[in-house]
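Asker: Below is the structure I would like to discuss, written out as structure tokens.
Numbering (the numbering used here), first residue to last: 314 to 468.
Right, here's the structure in full:
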């Protein structure tokens with residue numbers, strides 16, 4: 314899928330990149346990541362869900378940095394697919410995890426399925442860290458004059 318296809322399908326719309334908005338999304342994704350870690354000992358399914366939301370926020374930041382905004386139509390799926398398109402095959406494992414997490418989060422939110430293991434919750438945090446770091450790096454590379462994200466996420 315290309316930008317054009319996303320636009321034709323009314324999944325995204327053009328907007329001028331707003332680096333304050335991009336920075337807010339990245340900062341919140343890092344906070345979500347800390348919250349997911351803290352929740353590992355309380356509720357594995359919520360920890361997993363929060364990790365996913367950290368990824369969604371980072372994906373939104375990536376979209377914003379490219380000058381696009383998701384519409385209300387299938388916004389989570391659009392963010393995942395847009396992120397996959399931008400990151401390419403090199404990050405296929407992470408973006409596949411991102412998509413799997415999207416579906417499992419849906420099961421939890423809408424069907425109250427509590428089905429996440431400790432290993433899955435920990436892996437979701439690791440995947441979120443990798444995705445956020447890659448997105449921060451890409452945003453910085455594309456916009457060297459806006460070096461907002463110098464800190465690495467480490468767990």
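For glycine and all other residues, C-beta sits at the position ideal for the given N, C-alpha and C.
Determine, using beta-carbon pairs with one atom in the region 393-405 and one in the region 351-360, whether at least three such pairs fall under 8 Å.
Answerer: The region 393-405 vs the region 351-360: no contact.
Asker: Could you tell me which of 372, 436 and 394 sits nearest to residue 337, measuring between CA atoms?
Answerer: Taking the chain shown and counting its residues from 1, the one referred to as residue 337 is at position 24. The candidate whose alpha carbon is nearest that of residue 337 is 372.
Asker: Can you check which of these residues, 393, 406 and 339, is closest to residue 446 by C-alpha distance?
Answerer: The count along the chain shown starts at 1 and reaches residue 446 at position 133. Measuring from the Cα of residue 446, the nearest candidate turns out to be 339.
Asker: What separation, rounded to the nearest whole angstrom, lies between the Cα atoms of residue 389 and residue 439?
Answerer: On the chain shown, residue 389 is found 76 positions in, with the first residue counted as 1. On the chain shown, residue 439 is found 126 positions in, with the first residue counted as 1. Whole-angstrom Cα-Cα distance: 20 Å.
Asker: Three or more beta-carbon pairs under 8 Å between the region 414-431 and the region 321-338, yes or no?
Answerer: Contact between the region 414-431 and the region 321-338 is absent, because fewer than three Cβ pairs lie under 8 Å.
Asker: Just verifying my parser: in three-state terms, what is the DSSP assignment at residue 382?
Answerer: Locating residue 382 in the chain shown gives position 69, counting from the first residue. Strand, per DSSP.
Asker: Excluding the 5 residues preceding and the 5 following residue 383 in the sequence, name in chain order all residues of the same chain whose CB lies nearer than 8 Å to its CB.
Answerer: As a working mapping, residue 383 is identified with position 70 in the chain shown. Contacts found: 324, 325, 373, 376, 391, 392 and 395.
Asker: When you compare only the Cα positions, how much space is there between residue 472 and residue 342?
Answerer: The structure shown does not extend to residue 472, since the chain is modelled only from 314 through 468, so no value can be given for it.
Asker: Using the Cα positions of residue 434 and residue 386, report the straight-line distance between them to the nearest angstrom.
Answerer: As a position in the chain shown, residue 434 is number 121, starting the count at 1. As a position in the chain shown, residue 386 is number 73, starting the count at 1. When rounded, the distance between both Cα atoms is 28 Å.
Asker: How many Å lie between residue 441 and residue 448 at the Cα?
Answerer: For the purposes of this step, residue 441 is identified with residue 128 of the chain shown, where counting begins at 1. For the purposes of this step, residue 448 is identified with residue 135 of the chain shown, where counting begins at 1. If you take the alpha carbons of residue 441 and residue 448, they lie about 10 Å apart.
Asker: Quick check on this structure: which residue in 413, 456 and 427 has the alpha carbon closest to the alpha carbon of residue 365?
Answerer: Residue mapping note: residue 365 aligns to position 52 of the chain shown, counting from 1. Closest option to residue 365, Cα to Cα, is 413.
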